[in-house]
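Accompanying notes for the structure given below.
What follows is the structure in structure tokens.
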């Protein structure tokens, strides 16, 4: 095929490439039309692309033998916090950090911004704030709060990927939690649609911690144990039991709703999830990099930068989460990047009870997961599945994201699985540079991130990032 002289193309030549979770590592050439952002040809096993392009209209990237080409990553759980709390994070800094981590697409959560994404008017405010700021493509979750069920159809029409709700207080006044009756109202509006209802699956009631006995002393709020005890696994299992019950009920009535559990931390919920999936419930589950990496036993008192909700739990719990990820009970892994200002982390007092709960990590998911995974025999194909294909599918973007495939967006990450690096605070690109990953050493240095055929991050390039933000809002 010969192309028009006006079109520009990117040709990536990779001695080692994984096109999808189904593809074994092999040499590949990938040709992307930069005008459309689409992949137009792929040649495998040392074959060459046959599309005729003049050298004047062609940019070529030749990978080294230690570099791996993979689909650009999709982080389906990121709090960008703009507008309203842009001092915590923002579209520019958050998407730069994503790009530096090999992520070509993020899905922004509806809360921690003011206003939250709970009405079309609020969503328009969010979209206006995002204009000309995003370095990667950005999709959006809407929110379910009390009394907004009637807003959901219009938000779906507007392009949100689905909706997030809390079954426990969210931590911000603008995004109240919902009860079962309010969840049902939302499910009625979403029945038999292709959108997904996301749950922060912690719920009080019968899941509250057991009352203390007289001989037990109140734990110092500077201790991590005090925080861990305040968010027992029963909060998650209680919520998940309700989510499964409603998912199965609606499915059996022919009013099916795709449901999804965000940031699973309680391994005790895995058997119920596994049984529900085996029974055909349209339920998916994510966990986070921090739950698969850190353990509660290693968190020092006062180290409030480890606080997140639900909490990082014991080493034995971590291993059970890994087992659930490896056997497919957990579908994919996200950052739940939820930063705040240093002041809100209460590092001066080390008070876990008062500190904001959230881990800042959008830049480091790939190396964190690969470093822990390689100890457990994880393959690079599994990494591609958990970080690209599965989250793209869950967010209804698998028609153009999540795989290196002709007709898909030319979203790529180039990284070195066998190279180690230390996370230095000077290399952190998100706004508030307080993260438990700083000072840690990981395998898997990201060299370049490409979105729709254009480089948005290059570790070696002057300036690191493209001069003009290239990301788009994903509304289709």
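Numbering (my numbering), first residue to last: 8 to 483. Note that beta-carbon positions come from the ideal geometry of N, C-alpha and C, so glycine has one too. Every value quoted in this text rests on a predicted model; they were computed, and no experiment measured them.
{"Check": "Within the continuous beta strand (DSSP E) that includes residue 455, where are the two ends?", "Outcome": "448–458"}
{"Check": "Excluding the 5 residues flanking residue 364 on each side, which residues of the same chain have their C-beta closer than 6 Å to its C-beta?", "Outcome": "314, 315, 316"}
{"Check": "Tell me whether residue 183 sits in a helix, a strand or coil according to DSSP, three-state version.", "Outcome": "coil"}
{"Check": "Have a look at residue 26 and residue 433 and give me their C-alpha separation to the nearest angstrom.", "Outcome": "32 Å"}
{"Check": "Less than 8 Å between the C-beta atoms of residue 267 and residue 205, yes or no?", "Outcome": "yes"}
{"Check": "Here's the rule: buried if 16 or more other CB atoms are within 10 angstroms of the residue's CB, otherwise exposed. What is residue 59?", "Outcome": "exposed"}
{"Check": "Please list the segments of the alpha helix (DSSP H) lying wholly inside the segment 320–366, counting only runs of 4 or more residues, in order along the chain.", "Outcome": "322–333"}
{"Check": "Count the other CB atoms, across all protein chains shown, that sit within 10 Å of the CB of residue 61; report buried if there are 16 or more and exposed otherwise.", "Outcome": "exposed"}
{"Check": "Just how far apart, CA to CA, sit residue 289 and residue 263?", "Outcome": "8 Å"}
{"Check": "Within the same chain, show all residues whose beta-carbon is closer than 6 Å to that of residue 415, passing over the 5 residues directly before and after it, in chain order.", "Outcome": "46, 407"}
{"Check": "If I measure Cβ to Cβ from residue 50 and keep anything under 6 Å in the same chain, skipping five residues before and after, which residues do I get?", "Outcome": "36, 56"}
{"Check": "If you run the structure through DSSP and keep just helix, strand and coil, what is residue 479?", "Outcome": "coil"}
{"Check": "Since I believe residue 338 is in contact with residue 112 (beta carbons under 8 Å), could you give me their beta-carbon distance rounded to a whole number of angstroms?", "Outcome": "Actually they are not in contact, since the Cβ atoms of residue 112 and residue 338 sit about 17 Å apart, beyond 8 Å."}
{"Check": "Quick one: which unbroken beta strand (DSSP E) runs of 3-plus residues sit fully inside the segment 10–60? Chain order, please.", "Outcome": "16–24, 33–40, 45–51"}
{"Check": "Are the Cβ atoms of residue 341 and residue 83 separated by less than 8 Å?", "Outcome": "yes"}
{"Check": "For residue 78, name the three-state secondary structure that DSSP assigns.", "Outcome": "strand"}
{"Check": "Please classify residue 203: does DSSP put it in a helix, a strand, or coil?", "Outcome": "strand"}
{"Check": "Assuming residue 369 and residue 136 form a contact by the criterion Cβ under 8 Å, report the distance between their Cβ atoms to the nearest whole angstrom.", "Outcome": "That belief does not hold up - the Cβ atoms of residue 369 and residue 136 are roughly 18 Å apart, past 8 Å."}
{"Check": "Could you check where the beta strand (DSSP E) with residue 424 kicks off and where it finishes?", "Outcome": "419–429"}
{"Check": "Of the residues 174, 302, 473, which one's Cα is nearest the Cα of residue 250?", "Outcome": "174"}
{"Check": "By the 10 Å Cβ neighbour count, where 16 or more other Cβ atoms means buried, how is residue 97 classified, buried or exposed?", "Outcome": "buried"}
{"Check": "For residue 454, collect the residues of the same chain with a Cβ closer than 8 Å to its Cβ; drop the 5 residues on either side in sequence, then sort them by chain order.", "Outcome": "74, 421, 422, 423, 465, 466, 467"}
{"Check": "Counting only runs of 4+ residues fully inside the segment 86–121, write out the alpha helix (DSSP H) ranges in chain order.", "Outcome": "98–107"}
{"Check": "Identify every residue that forms a DSSP beta bridge with residue 464.", "Outcome": "456, 472"}
{"Check": "Alpha carbons only, please: which of 18, 162, 65, 355 is nearest the one belonging to residue 229?", "Outcome": "355"}
{"Check": "For the beta strand (DSSP E) holding residue 376, just list the boundary residues, first then last.", "Outcome": "Careful: residue 376 lies outside any beta strand (DSSP E), inside the alpha helix (DSSP H) at 372–380."}
{"Check": "Nearest to residue 2 by alpha carbon, out of 199, 303, 20?", "Outcome": "Nothing about residue 2 can be reported from this structure: the residues present for the chain run from 8 to 483 only."}
{"Check": "Three-state secondary structure (DSSP) at residue 155?", "Outcome": "coil"}
{"Check": "Considering residue 133, what are the terminal residues of the alpha helix (DSSP H) in which it resides?", "Outcome": "127–137"}
{"Check": "Nearest to residue 427 by CA position, among 435, 447, 438, is which residue?", "Outcome": "447"}
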